[in-house]
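Undergrad: Taking UniProt numbering, I'd label the letters of the sequence shown as residues 1 to 350.
We put the beta carbon where it would ideally sit given N, CA and C, even for glycine.
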Amino acid sequence: MTALLDAALDTPPAAKDAVRYASWPARAGALALDVLPGVALITTMALLAVTTTHGSWLWWVFTAVMALAAMATFANRWLAPAITGWTLGRAVAGIRVTTADGAAAGSPRLLLRDLAHLLDTASLLVGWFWPLGDKRHRTFADLLVRTEVRVVDAPQANVRRLAAVILIATAVLGAGGAGLGYWQVYREDRAVEQARSEIAQQGPRIVEQLLSYGQQTVVDDFAKAQSLATDQYRPQLVQQQQAVQKAGVTDNEYWAVSSAVLSATKDHAAMLLALQGQRGSDPNTLKFITATVRADFEKSRDGRWQVATLTVLKKPLMGQAGPPGAAAPAAPAPPPGRPAPAPPNGGPGR
1 MTALLDAALD TPPAAKDAVR YASWPARAGA LALDVLPGVA LITTMALLAV
51 TTTHGSWLWW VFTAVMALAA MATFANRWLA PAITGWTLGR AVAGIRVTTA
101 DGAAAGSPRL LLRDLAHLLD TASLLVGWFW PLGDKRHRTF ADLLVRTEVR
151 VVDAPQANVR RLAAVILIAT AVLGAGGAGL GYWQVYREDR AVEQARSEIA
201 QQGPRIVEQL LSYGQQTVVD DFAKAQSLAT DQYRPQLVQQ QQAVQKAGVT
251 DNEYWAVSSA VLSATKDHAA MLLALQGQRG SDPNTLKFIT ATVRADFEKS
301 RDGRWQVATL TVLKKPLMGQ AGPPGAAAPA APAPPPGRPA PAPPNGGPGR
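1. What is the DSSP secondary structure of residue 108, reduced to helix, strand or coil?
2. Starting from residue 230, trace the alpha helix (DSSP H) both ways and give me its first and last residue.
3. With 16 as the cutoff for other CB atoms within 10 Å, does residue 20 come out buried or exposed?
4. For residue 281, collect the residues of the same chain with a Cβ closer than 8 Å to its Cβ; drop the 5 residues on either side in sequence, then sort them by chain order.
5. Determine the DSSP secondary structure at residue 76, reduced to helix, strand or coil.
6. Shortest alpha-carbon distance to residue 132 belongs to which of 27, 299, 254?
7. Since residue 83 contacts residue 30 with CB under 8 Å, what's their CB separation in whole angstroms?
8. Since residue 270 sits in a beta bridge, which residues does DSSP pair it with?
9. Residue 257 and residue 275: beta carbons closer than 8 Å?
10. Once the 5 residues before and after residue 154 are set aside, which same chain residues still bring their CB inside 6 Å of it?
11. Can you find the residues in the same chain that come closer than 6 Å, C-beta to C-beta, to residue 218, ignoring five residues on each side of it along the sequence?
12. In its own chain, which residues sit with a C-beta less than 7 Å from the C-beta of residue 163, not counting the 5 before and 5 after it?
13. What residue range is occupied by the uninterrupted beta strand (DSSP E) comprising residue 150?
14. I'd like to check one pair, residue 65 with residue 181: are the Cβ atoms closer than 8 Å?
15. Just reading off the alpha helix (DSSP H) that residue 51 is part of, what are its end residues?
16. Span of the beta strand (DSSP E) holding residue 99?
17. In the DSSP assignment, find the unbroken alpha helix (DSSP H) run with residue 250 in it and report its ends.
18. On the criterion of 16 or more Cβ atoms from any shown chain inside 10 Å, does residue 165 qualify as buried, or is it exposed?
19. Since residue 305 contacts residue 198 with CB under 8 Å, what's their CB separation in whole angstroms?
20. Could you tell me if residue 137 is buried or exposed, where buried requires 16 or more neighbouring beta carbons within 10 angstroms of its beta carbon?
21. So, for residue 263: in the same chain, excluding its five sequence neighbours on each side, which residues have a beta-carbon less than 7 Å away from its beta-carbon?
22. Using beta-carbon positions only, say whether residue 233 and residue 309 come within less than 8 Å of one another.
23. So, helix, strand or coil for residue 224, using DSSP?
24. Going by DSSP, what residues sit across from residue 314 in a beta bridge?
25. Under 7 Å: does the beta carbon of residue 230 sit that close to some heavy atom of the ligand NAD?
26. Judging by CA-CA distance, which residue of 53, 121, 97, 45 is the nearest neighbour of residue 267?
27. With distances taken between CB atoms, is the gap from residue 313 to residue 294 smaller than 8 Å?
28. Which of the three DSSP states, helix, strand or coil, is assigned to residue 256?
29. Could you tell me if residue 253 is buried or exposed, where buried requires 16 or more neighbouring beta carbons within 10 angstroms of its beta carbon?
30. Taking a contact to mean a Cβ-Cβ separation below 8 Å, would you say residue 297 touches residue 203 in this structure?
31. Which of the three DSSP states is assigned to residue 308 in this structure?
32. Measuring CA to CA, which of 161, 38, 140, 303 is closest to residue 74?
33. Let's test the definition: count the other Cβ atoms within 10 Å of the Cβ of residue 49 and tell me whether it reaches 16, buried, or not, exposed.
34. Less than 8 Å between the C-beta atoms of residue 247 and residue 237, yes or no?
Written as structure tokens, this is what we have:
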């Protein structure tokens, strides 16, 4: 009996406190809990930010959540171990990263270790599974920076509850972001549909007023036309109007016989129009006009559609009225691609 007691007292301390290395499942679970929630949230917010208008309030929300998720992930992996001795995943698994002599690994070494995990991935994932055959359960990163992952007593705090709260918060933020993203896309789609509908109805009337004017009402017609042009296009329009006044004003009226919306966003649109018109007021000298133009529109701050550019695609053909069957001679016209020379305003039915 005395011999057995003496043998027990003589047992070396190292035998009582043998080092236990973390198992591969424990390491994988800890890594997943540390990294996957942040990666999932960052990826979700990045995708939502890409589908949202850059600079909008919702874009800033997604970007802010993405940045906070990245900061929280980095702090958990590199700062928390230096302060508390744990990451969240390792605390739940009851493991800790140490140096080869069992000392705590500092933040710089942990950062280098995570960077060295690129080698584990670059080796066709062989490095990640290396602990299954290594007697000290080390990855290539552990071998490179001389670290080990050991089993230790878990902290007294209820880390499992904290981990559950973080996972639930991540899921709620991801679902909420997806809902906001869908709502924003739905709103933008509706806005585009509304813009397309508005320009399909208003576009032809705007171009008709832009290109029509009367000899007796030319001042009001030109002023109206200028209000239908954007600030960038208005100087060019005024120059055309001045040229018309110098040449002598006569009645000039256009109407759209066919139109098609080429493209539309909530603030910009393009339309193709086939126009017919007449110039003059004397039935004996009345001239009939046909032309094809492209009109680009922009929405003003007060919600009105205005012409940003007006481009001739098919030269206007102008013929004089005459006896039935007589050919109508074509008048000179600006080459394709040049802005329509006649200033705007007035409307059909004048």
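TA: A quick look at the data gives this:
1. helix
2. It is not in any alpha helix (DSSP H) - residue 230 carries neither H nor E in the DSSP assignment.
3. exposed
4. 215, 250, 251
5. helix
6. It is 27.
7. Not confirmed; about 18 Å, so no contact.
8. Bridge partners of residue 270: 263, 296.
9. yes
10. 94
11. Excluding residues within five positions, the ones whose Cβ falls inside 6 Å are 249.
12. 33, 88, 92
13. 147-151
14. no
15. First-last for residue 51: undefined, no H or E at that position.
16. First-last of the beta strand (DSSP E) with residue 99: 95-99.
17. Note, residue 250: premise wrong, no alpha helix (DSSP H); not H, not E.
18. Exposed, since its Cβ has fewer than 16 Cβ neighbours within 10 Å.
19. At roughly 7 Å, the Cβ-Cβ gap stays under 8 Å, so residue 305 and residue 198 are in contact.
20. buried
21. Result list for residue 263: 269, 270, in chain order.
22. yes
23. helix
24. 292
25. Ligands in the displayed structure: none, and consequently the ligand NAD is not present.
26. 53
27. Taking 8 Å as the Cβ cut-off, residue 313 and residue 294 qualify as a contacting pair.
28. strand
29. buried
30. yes
31. Residue state for residue 308 is assigned as strand, using DSSP reduced to three classes.
32. 38
33. buried
34. no
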